[in-house]
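Reviewing the structure listed below.
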Amino acid sequence: MKKFTVIAIMTLSVVAMAGTLAVPFFADQGSEDPATLRPASSNAFRSYIGIKNTTAEVLTVSIQYWTAAGVDTTPDVNTFTLGAQQGIGFRPAAQVAAFEDTRVPACDSSVEGYKVGSALMTFVGSRGDLIGRVLTLDAVGQSAYLLPSGPEA
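For the sequence shown, my numbering begins at 169 and goes up steadily by one.
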């Protein structure tokens with residue numbers, strides 16, 4: 169019985185927890201022209217996702233994307249790293265190197281409807297190790313919301 173208890177404790181001590189950060193909705197139909205910060209037309213939106221590693225360690229993050237209809241638009245390469253206490257911003261459906269961090273892969277643009285959808289980021293860590301927000305701009309205003317941390321798995 170003592171052997172079983174020691175093995176059980178050792179096993180539990182090496183199990184890593186997986187944290188998640190969900191983006192319930194984004195709309196990114198704005199211009200990809202780096203010369204303009206605002207969307208090109210009044211009916212276009214541009215979304216920016218901002219995330220921050222709140223730990224003293226490097227976090228490796230995987231991101232998955234879906235259209236509003238639930239079709240997977242995750243690119244083949246969907247993993248990136250965040251340094252200790254690092255924060256970055258990116259667009260989910262377009263990348264303009266002058267304004268966003270291009271290490272984060274954008275949606276697979278070959279899938280119809282990819283510019284409106286949702287995302288899920290997973291990482292090895294605890295709830296609160298990765299925090300974020302979504303900022304959406306259009307020609308007449310802006311809106312923002314904090315991203316909900318998901319359950320630890």
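C-beta atoms are modelled at their ideal positions from N, C-alpha and C, and glycine is treated no differently.
Quick caveat, the model's predicted, so the values are computed rather than measured.
Sequence-distant residues of the same chain with beta carbon closer than 7 Å to residue i, five excluded per side
i, result
"GLU225", "ALA252"
"TYR168", "The structure shown does not extend to residue 168, since the chain is modelled only from 169 to 321, so the question has no answer here."
"PRO192", "SER286"
"GLN263", "THR270, ALA274"
"ASP196", "PHE213, ARG214, SER215, ARG259, PRO260, ALA261, ALA262, LYS283"
"ASN246", "SER230, ILE231, GLN232, PRO273"
DSSP state of residue i mapped onto helix, strand, coil
i, result
"VAL302", "strand"
"ASP240", "strand"
"LEU288", "strand"
"ALA307", "coil"
"SER317", "strand"
"VAL191", "strand"
Residues of its chain near residue i, where Cβ-Cβ distance is below 8 Å and the 5 sequence neighbours each way are ignored
i, result
"GLN310", "LEU303, THR304"
"MET178", "Unreliable positioning characterises MET178 in this predicted model, as indicated by a pLDDT of 45, which lies under 50. The coordinate reading is nonetheless provided below. Correct list: empty, nothing qualifies."
"ALA176", "For ALA176, the predicted model reports a pLDDT of 46, less than 50, meaning its position is unreliable; a value from the coordinates is still stated below. Result list for ALA176: empty, nothing under 8 Å."
"ASP269", "ILE256, GLY257, PHE258"
"THR222", "GLN253, GLY296, ASP297, LEU298, ILE299"
"ALA237", "GLY281"
Option nearest residue i by Cα separation, candidates the options
i, options, result
"SER280", "VAL239, PHE258, ILE299", "Per the sequence shown, residue 280 should be read as Glu rather than Ser. Residue VAL239 is the option with its Cα nearest to GLU280."
"ILE299", "MET289, PHE213, ASP306, CYS275", "MET289"
"ALA166", "ARG271, LEU314, VAL308, ASP297", "Coverage of the chain is limited to positions 169 through 321, which leaves residue 166 absent and any answer about it impossible."
"LEU250", "ALA190, ARG271, THR188", "ARG271"
"PHE194", "SER317, ALA312, VAL292", "ALA312"
"VAL229", "GLY293, LEU189, ASP244, PHE248", "PHE248"
Own chain partners of residue i with C-beta closer than 6 Å, once the 5 adjacent residues on each side are dropped
i, result
"GLN232", "THR242, LEU288"
"LYS220", "GLY255, ILE299"
- [ ] Give, in chain order, every unbroken run of the beta strand (DSSP E) that is at least 3 residues long and sits entirely within the stretch 211 to 277.
- [x] 214 to 221, 227 to 235, 247 to 250, 255 to 258
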